[in-house]
Every structure is written in C-alpha cells, then in structure tokens.
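Q: Numbering (numbering that gives the first Met the number 0), first residue to last: 0 to 165.
Cβ atoms here follow ideal geometry from the backbone N, Cα and C, with glycine treated the same way.
Note that the coordinates shown come from a computational prediction; the quantities given were computed from them, not determined experimentally.
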Amino acid sequence: MEKISGFALTAILLLLISTPALFSVDKADFDNIIDFSVTIKTLNQTAVDEGSPASSIDLNKLFLLNGTASSITIINSKENEFQVLVDLVSGEWLGLEDVKSYHCLILFEGPEFYRIFPKRKPKQPVPGLITTNDRIMVVARAIRQVTIETGKKSWLLEGFYVRTIR
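#1: According to DSSP, simplified to helix, strand and coil, what is Phe-116?
#2: Would you call the CB atoms of Val-137 and Ile-105 closer than 8 Å?
#3: Please work out which residues of its chain come closer than 7 Å, Cβ to Cβ, to Ile-74, disregarding the five sequence neighbours upstream and downstream, and give them in chain order.
#4: Mind checking who Ile-105 pairs with in its DSSP beta bridge?
#5: Under 8 Å Cβ to Cβ from Met-0, same chain only, skipping five residues before and after it: list those, please.
#6: Considering Cα atoms alone, identify which of Lys-77, Asp-28, Ile-147 is closest to His-102.
#7: Starting from Ile-32, trace the beta strand (DSSP E) in both directions and tell me its first and last residue.
#8: Check for me: the beta strand (DSSP E) holding Gln-144 runs from which residue to which?
#9: Measure the alpha-carbon distance for Arg-114 versus Asp-133 and round it to whole angstroms.
#10: What are the partner residues of Arg-162, as DSSP defines its beta bridges?
#11: So what does DSSP say about Glu-96, is it helix, strand or coil?
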C-alpha cells in the first residue's frame, strides 16, 4: 500500500511541476491580443483629433476599460438574442472646477448578458447585476467610430466580458 501511495504522490508532484510549463504564455503572445495602453480617453482622442488617426486603434486587439455605465439601453430583450448598449464614461478634472468626460459605446450580445443587465433596476442591489451609474470593468474590441447624442465622435466596441468594480 505504501508503494502505491509513494508512486501516486510522485506522479502528482511531477504533474504539478510540469503543468505550468505546458500552459505558459509569453508576454509577447499576450501583447498580440490585448492593448493595455488604450483607455476611454485615448479612444476619444483618436475619434476627435485630426492628428490622431483612427488607424492608431488596432481593431484586432482587445482593450481592458473601466468607467461608469452612464446609460444602459436594452436593444433586444429576448434571452437568446439579447443585446444591450452601454455608454461607458470616464473623466478627469481640469484644474479645480472643470471636468472633462470621455465616452464610448459598448455593445454586449448574447444570452450570457441577459441576467447581468436587468430590464428594471431592482430596489435592493443584487450582486452581479449591472445597472446605470455602476462602475464597471470591460474587455472589448473596437468595431467602428460613431457619433453619439451630443454630436461628438466616439467608438462603438464589442463587449466580451463585464463585471462591476466595488
């Protein structure tokens, strides 16, 4: 019985030691799929500034963005075809009195988002739900430039993952 236990323990230890090497990800590989330098502010700058062409935004890369869900519009409320558009906002103080805000629109599609974005805000906060004015973190990819309600140019992004920031 002791030999079997020793053999099993050795096999488990070898597996634990070799597993990280099998699944290691090189930083360069990671940099090929995600761009951490992109923020809502940089998205706005590339959409607005003549000196920052839209080509500086790589449409093939993912971005990790955080901000406030200033508006949430459910486009299709059917669970299997669920679509919701989130206006994600961030901002910065300019001096002591002025605030500059930056916007981007994020489209989430699919049944996995149906339970995250409620049709109506619940009276009591429920963990995992995202409602207007929640601070959220998003993994998304740029689709195209759009003009938002204020008449300013912004970006429409495809959202892949979202969670609240508490």
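A: Taking the definition as stated:
#1: coil
#2: yes
#3: Gln-82, Val-83, Leu-84
#4: Val-85, Leu-156
#5: With a pLDDT of 45 at Met-0, under the threshold of 50, the modelled position of that residue is not reliable, and the figure given next carries that caveat. Cβ neighbours of Met-0 beyond the five flanking positions: none.
#6: Ile-147
#7: No beta strand (DSSP E) holds Ile-32; the alpha helix (DSSP H) holding it covers 26-32.
#8: 134-146
#9: 16 Å
#10: Met-136
#11: coil
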